[in-house]
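A.B. asks: Counting along the sequence shown from 1, when you hit position 129 you're at 416 in the working numbering, and nothing is skipped either side.
To start, I am sharing the structure in question, which I have written as structure tokens.
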Amino acid sequence: MLAIENCRLTWPDFTADYTLQVKEGTFCAVVGPSGGGKTTLLHMIAGFETPESGTLAFRGRSLLPLSPAERPVAIVFQDHNLFPHLAAAENVALGIRPSLRLSSGDRARVTDMLEAVGLKGFENRRPGEMSGGQRQRVALARALISGRPLILLDEPFSSLDPHLRRSMVALVDKLRREKRVTVIMSIHTPEDVRDLAEQMVLVAGGGVVATGSPSAILHDPSLAAAIAAEPES
Ligand SMILES: Nc1ncnc2c1ncn2[C@@H]1O[C@H](COP(=O)(O)OP(=O)(O)OP(=O)(O)O)[C@@H](O)[C@H]1O
Numbered sequence: 288m289l290a291i292e293n294c295r296l297t298w299p300d301f302t303a304d305y306t307l308q309v310k311e312g313t314f315c316a317v318v319g320p321s322g323g324g325k326t327t328l329l330h331m332i333a334g335f336e337t338p339e340s341g342t343l344a345f346r347g348r349s350l351l352p353l354s355p356a357e358r359p360v361a362i363v364f365q366d367h368n369l370f371p372h373l374a375a376a377e378n379v380a381l382g383i384r385p386s387l388r389l390s391s392g393d394r395a396r397v398t399d400m401l402e403a404v405g406l407k408g409f410e411n412r413r414p415g416e417m418s419g420g421q422r423q424r425v426a427l428a429r430a431l432i433s434g435r436p437l438i439l440l441d442e443p444f445s446s447l448d449p450h451l452r453r454s455m456v457a458l459v460d461k462l463r464r465e466k467r468v469t470v471i472m473s474i475h476t477p478e479d480v481r482d483l484a485e486q487m488v489l490v491a492g493g494g495v496v497a498t499g500s501p502s503a504i505l506h507d508p509s510l511a512a513a514i515a516a517e518p519e520s
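Here you go:
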């Protein structure tokens, strides 16, 4: 279980206070209006933002004393954060060996992971030689190969066309099951995750406004205004 209780962050123009529980192994989608606090929530779980108060624990252990590198968390950013001068295999290998001194076992794991995300044969391609969807597959592979049980994805597919976006969400869901990880993904287009996410969290005004099954959230008339505030990317 990921348990977040009254985690508060204050900036001059924005106050956030998050309370949320996510069961392990779940596909959890975070939706809500632009500027509502989705990215801030993910950054806080990853350790890039530190709450002034509250508790944040995974498997009963507080994450707050841990640096981002020490947390059981891997994050995929919207802009993928790949190193442009490194090949796909090296970018993925950074998830297990930041030094890039790879054993033959490491190389085999990288090849297997690239195959799992549908990039067999792309080992030597650099990010600039791949499409947006392929780059996000590399970023996903790097997050998954780390073996960290909590995978955060911050609007990872919003630059992709709707068809590709949906197939990437389906890939994330398939890999979540295979690798038995917990996925928390923020997304601007709730309909893309309606059939696959088990938990949907509506974040607005710096807090969790509602959480439940996607159909419960998306069919609740009192939440429609906040959800409809979402621009189609
Ligand atoms: N380091 C910071 N310092 C000050 N304000 C910040 C900081 N980080 C985020 N904010 C503010 O927090 C608010 C929430 O931002 P956040 O990026 O979490 O929203 P979001 O829901 O992810 O939006 P979007 O859907 O547009 O990505 C915004 O008003 C933003 O300006």
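By construction, the Cβ of each residue, glycine as well, lies at the ideal position given by its N, Cα and C atoms.
Cβ of Asp300 versus every heavy atom of ligand 1: is any distance shorter than 8 Å?
C.D. replies: For ligand 1, at least one heavy atom lies less than 8 Å from the Cβ of Asp300.
A.B. asks: Mind checking which residues open and close the beta strand (DSSP E) that includes Arg295?
C.D. replies: Unbroken beta strand (DSSP E) run through Arg295: Leu289 to Trp298.
A.B. asks: In chain order, what residues of the same chain lie with their CB nearer than 8 Å to the CB of His506, ignoring the 5 residues before and after it?
C.D. replies: Around His506: no qualifying Cβ.
A.B. asks: In the DSSP assignment, the beta strand (DSSP E) including Gln308 goes from what residue to what residue?
C.D. replies: Run containing Gln308: Phe301 to Val309, per the beta strand (DSSP E) assignment.
A.B. asks: Nearest to His367 by alpha carbon, out of Lys466, Leu440 and Asp393?
C.D. replies: It is Leu440.
A.B. asks: For Arg396, which residues from the same chain have a beta carbon less than 8 Å from its beta carbon, with the 5 sequence-adjacent residues on both sides left out?
C.D. replies: Around Arg396: Ile383 and Ile432.
A.B. asks: Just grab the DSSP bridge partners of Val490 for me.
C.D. replies: Bridge partners of Val490: Val495.
A.B. asks: Closest by CA to Glu402, which one among Val425, Leu328, Met331 and Val490?
C.D. replies: The candidate whose alpha carbon is nearest that of Glu402 is Val425.
A.B. asks: Which class does Gly419 belong to by DSSP, given the choice of helix, strand or coil?
C.D. replies: If DSSP states are grouped into helix, strand and coil, Gly419 belongs with the helices.
A.B. asks: Got a sec? Which residues, its chain only, sit under 7 Å from Leu328 by beta carbon, not counting five neighbours each side?
C.D. replies: Excluding sequence neighbours, Leu328 sits near Tyr305, Val317 and Val490.
A.B. asks: Quick one: using the 10 Å Cβ neighbour count with 16 as the cut-off for buried, is Thr601 buried or exposed?
C.D. replies: Within the shown structure, residues of the chain are numbered from 288 to 520, placing residue 601 beyond reach of any answer.
A.B. asks: Which same chain residues, not among the five before or five after Val379, have their C-beta less than 7 Å away from its C-beta?
C.D. replies: The residues are Val397, Met400, Leu401, Val425, Ala428, Arg429 and Ile432.
A.B. asks: In terms of residue numbering, what span does the beta strand (DSSP E) encompassing Ser445 cover?
C.D. replies: Taken as a continuous stretch (DSSP letters only), Ser445 belongs to no beta strand (DSSP E), as it is neither H nor E.
A.B. asks: Considering only their Cβ atoms, is the gap separating Ala503 from Met487 smaller than 9 Å?
C.D. replies: Contact flag set, yes.
A.B. asks: Quick check for students: name the residue ranges of the beta strand (DSSP E) that lie wholly in the segment 349 to 404, counting only runs of 3 or more.
C.D. replies: The segment 349 to 404 contains these whole beta strand (DSSP E) runs: 360 to 363.
A.B. asks: With a CB to CB cut of under 7 Å and the five nearest residues on each side skipped, what residues in its chain are close to Phe314?
C.D. replies: Asp460, Arg463, Val470, Leu483, Ala484 and Glu485.
A.B. asks: Using a 10 Å radius around the Cβ and a threshold of 16 neighbouring Cβ atoms, would you call Glu416 buried or exposed?
C.D. replies: Burial call: exposed.
A.B. asks: Less than 8 Å between C-beta atoms, sequence neighbours within five positions excluded: which residues of the same chain meet that for Asn365?
C.D. replies: Correcting the residue identity first, residue 365 is Gln in this sequence and not Asn. These residues qualify, in order along the chain: Asp441, Glu442, Pro443, Ser445 and Ser446.
A.B. asks: Anyone know if the C-beta pair for Phe345 and Leu389 falls short of 9 Å?
C.D. replies: No. Outside cutoff.
A.B. asks: How many angstroms separate the CA atom of Gly322 from the CA atom of Gly492?
C.D. replies: Roughly 8 Å between the two C-alpha positions.
A.B. asks: At the level of alpha carbons, what is the spacing between Ala374 and Cys294?
C.D. replies: Cα to Cα, the separation comes out at about 39 Å.
A.B. asks: Report yes if the C-beta of Glu442 is less than 8 Å from at least one heavy atom of ligand 1; otherwise report no.
C.D. replies: Result yes, Cβ under 8 Å from ligand 1.
A.B. asks: Can you say whether Asp479 is buried or exposed, counting buried as having 16 or more other CB atoms within 10 angstroms of its CB?
C.D. replies: Answer is buried; the Cβ neighbour count reaches 16.
A.B. asks: List the endpoints of the continuous alpha helix (DSSP H) containing Ile471.
C.D. replies: Looking at the DSSP string, Ile471 is not in any alpha helix (DSSP H); the run it does join, the beta strand (DSSP E), is Thr469 to Ser473.
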